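This report refers to the structure that appears directly beneath it.
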Amino acid sequence: MIESVDDSNVNDKNNLFGNRNDLQEVEDLDKIEINLGELDLSSQDETILDELDDFIQRNLQDELVNNALNKGVDLRQYSKQVEADLRMVENDSIEDYIKESNNISSLHKQIKACDGILE
């Protein structure tokens, strides 16, 4: 059996699992019964495997992926580089929007003025 831990010298008696003072005795693990019922790990859902196969085939037909595989490119590193490039482009776009904010605001005011005239 698991006994309570002496935590008298620990200031914080709470942990991830709750209050350390509330520990209960636990029986030996070999006495715990687990009923897994009809669990069969040897069979897989064929629809999931078919979908995975279709996904792989579609990506193998993609020109960029095909070229990368033929050149022996490390796809993990390649995907990290693509993500970094996308972040850089996104940040550049945000900076462009900020730079153009005065023009956008002016255009918005002109549109509202035109709408006011049309009403």
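FYI, the numbering for the sequence shown is 1 to 119, going by this note's numbering. Note that beta-carbon positions come from the ideal geometry of N, C-alpha and C, so glycine has one too. As the structure is a prediction and not an experimental result, all values here were calculated from the model.
Mapping the DSSP letters down to three states, classify residue i as helix, strand or coil.
{"i": "Val-73", "result": "coil"}
{"i": "Glu-63", "result": "helix"}
{"i": "Glu-119", "result": "coil"}
{"i": "Glu-83", "result": "helix"}
{"i": "Glu-95", "result": "helix"}
{"i": "Glu-46", "result": "helix"}
{"i": "Glu-100", "result": "coil"}
Using 8 Å as the threshold, is the C-beta distance between residue i and residue j below it?
{"i": "Leu-60", "j": "Asn-66", "result": "yes"}
Does residue i have its Cβ less than 8 Å from a Cβ in chain D?
{"i": "Ile-56", "result": "This model lacks chain D altogether, as it is built from one protein chain only."}
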